[in-house]
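First up is the structure itself, then whatever we jot down about it.
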């Protein structure tokens, strides 16, 4: 094969001309394989990202329940139970007057004078929470309850039980419990106790965030 | 070309040494073409994903309007109309006292005693909604209206009309209408009627979710 | 190298058979390099997108503060300060009664009769904001303050200062200031002034959106 080393430029060009289309074809075949492979990876990646993003964003709702008015609490639990039924993960965080929704009884022992006064003024349990308007010493509450029963809308305690059964995360705010002097014994079973960080941990990954 | 088959190892090596840079150059050229092509695809993909993600996430706001106070209703509609003006798709869902914003008149026929009482106590239409503070039998409302007019802030009925014209989705809660005994005839035209599922369907794909 | 041009098909085939595995190996090597390179790019891209998406979605909370009740304002600032501590960027937009949280003193000059009346009826500064329930001419406020001190919960003015120091964006609603006749001199330092567009600009890129 001395002829190769000793070949004239013309002969080199001839060899190249002969080899060129053939080598190009082989390269093209390999490169097309790679292209198909990488494109498939790109598609997989895309699908994975779509799945991740819908998982992270669509599956959580968090409700910060501040109000103790029965009409607002009803709205909060109707939204929460509806969201669970639609497949969202739901957490409710109860602070200040919102703790009323979780109350099963009232106790006066071990409380300061101010806390005892507050306990006396607040509804004894969720069933006694009054509406934000037209309460008139309980008349509005009873009227609303009658109107809801007539329209087969569940009562607040029923909605709370349903939420607990459906796996809604119910968190009572420890700071508010401390300030208002509400003990764990006054609240229903099956609760978690936490602070602002607990709430924010859920809220920061929630699609729906409400303050009620 | 017998010489090829019969060539010594030295000759093979010589041929390879001659072919190597040339073949490499051809492969490199093809591979670079592919690289540019795939990079362009990656960029396109990226742009498409950004567009999709901003479309899914940035384009919807949903407001759950619970309150019937004119100051809160003004806030709700100012936010809604502003959001539409900024290119967001907006839906408002009216429940309990929030239905006041959609009221055009009041009727008493076909209602229970409790519902007639409630009808009498609630504002006859959106223009008569009172503020959350300092209402004093309508004095606060008139004062607020005067102060708003003086500052060229639109009235509630004007803001509602604007929202409807701008294509804000206005949904009245059927459950609340049933409980409170509000008929479709008492509400303005151009509404949709729905339940918690209607609200949650919008909320679950909204970037901005407010309970007002 | 005449022999190439003049070679029989058999000789061509022989040369090809000899070259084929060798060329394929070179192409494969180059293509694998490219593959590794593009895969690295894909990973980078993915990481960059994850970073971007968590930056865009997870890092912002916006609170529309409508209420002037001290209990609601406390909740708003506890959430805001907690969110900043957790690494979120937070903006608070104060409208209507919510402006009370930013008030440092009250002035009567240059206001209409209605605005002077409103000024007289509203708390003179953040420290005098009353709770949403059981206020009884300031008794509830003092009781709540005592209960909070006993539980080492910071006062509203302290929480406002903390928010400002921690870089929470505090925006006062110019429209509400105009309607209610509140001047910049009545509000604390370090505020921004804006409209619905300012709020919506933040809200539209926020993960957590609350109306308080």
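Protein chains in written order, with the numbering used here: chain H, 176 to 387; chain W, 176 to 387; chain Y, 176 to 387. We treat Cβ as the ideally placed atom computed from N, Cα and C, and that holds for glycine.
query, result
"Residue of 275/W, 310/W, 208/W, 306/W minimising C-alpha distance to residue 295/W", "275/W"
"Entirely enclosed alpha helix (DSSP H) segments - the region 243-302 of chain Y, minimum 4 residues", "245-260, 288-296"
"Alpha carbon of residue 369/W to alpha carbon of residue 317/Y, nearest angstrom", "44 Å"
"Distance between residue 214/H and residue 187/H (C-alpha atoms, nearest Å)", "38 Å"
"Reduced DSSP category for residue 347/W - H, G, I as helix; E, B as strand; rest coil", "strand"
"CB contact below 7 Å: residue 205/W versus chain H", "yes"
"Residue from 367/W, 301/W, 354/W, 322/W with nearest C-alpha to residue 331/W", "301/W"
"Where residue 198/Y meets chain W, residues with beta-carbon distance less than 7 Å", "198"
"Simplified DSSP state of residue 379/H, which is helix, strand or coil", "coil"
"Integer Cβ distance of residue 261/Y from residue 372/H, believed to fall under 8 Å", "7 Å"
"Span separating the alpha-carbon of residue 232/Y from that of residue 381/Y", "Per-residue confidence for residue 232/Y stands at a pLDDT of 43, beneath the threshold of 50, marking its modelled position as unreliable; no derived number is given."
"Separation of residue 254/H from residue 249/Y, as counted between CA atoms", "25 Å"
"Chain-ordered neighbours of residue 202/W on chain H, where CB pairs are closer than 7 Å", "202"
"Beta carbon of residue 242/W nearer than 7 Å to that of residue 377/W", "no"
"Sub-7 Å separation of residue 265/W and residue 251/W beta-carbons", "no"
"Three-way DSSP call (helix, strand, coil) for residue 236/W in this model", "strand"
"Selection from 195/H, 244/H, 286/H that minimises the alpha carbon distance to residue 358/H", "286/H"
"Top-ranked residue by Cα proximity to residue 345/H, from 355/H, 270/H, 208/H, 283/H", "270/H"
"Neighbour list for residue 386/W in chain Y, Cβ cutoff strictly below 7 Å", "386"
"Beta-bridge pairing of residue 367/H - partner residues as DSSP gives them", "346/H"
"Alpha-carbon spacing of residue 198/H relative to residue 198/Y, whole angstroms", "8 Å"
"Within 7 Å, strictly: CB atoms of residue 375/W and residue 258/H", "yes"
"Any C-beta of chain W under 7 Å from that of residue 383/H", "yes"
"Buried/exposed call for residue 207/Y, threshold 16 Cβ in 10 Å", "exposed"
"Within chain H, partners of residue 257/Y - CB distance below 7 Å", "371, 372, 375"
"Residues that residue 241/H bridges to, as DSSP identifies them", "Per DSSP, none; premise fails for residue 241/H."
"8 Å contact criterion, which residue 362/Y and residue 279/Y should meet: CB distance rounded", "7 Å"
"Cβ-based neighbour list, residue 322/H, same chain, cut-off 6 Å, excluding 5 preceding and 5 following", "none"
"Beta-carbon separation (whole angstroms), residue 347/Y vs residue 297/Y, contact threshold 8 Å", "Rounded, the Cβ-Cβ distance is 15 Å, inconsistent with contact."
"Extent of the continuous alpha helix (DSSP H) run through residue 325/Y", "314-325"
"Rounded C-alpha distance that separates residue 168/H from residue 272/H", "Nothing about residue 168/H can be read from this structure; chain H reaches only from 176 to 387."
"Same chain, Cβ closer than 6 Å to residue 268/Y, neighbours up to 5 away in sequence not counted", "239, 346, 374"
"Neighbour list for residue 326/W in chain Y, Cβ cutoff strictly below 8 Å", "350, 353, 354"
"Host alpha helix (DSSP H) of residue 339/Y (start-end)", "331-340"
"Spatial neighbours of residue 246/Y in its chain, beta-carbon cut-off 6 Å, leaving aside the 5 residues before and after", "306, 307"
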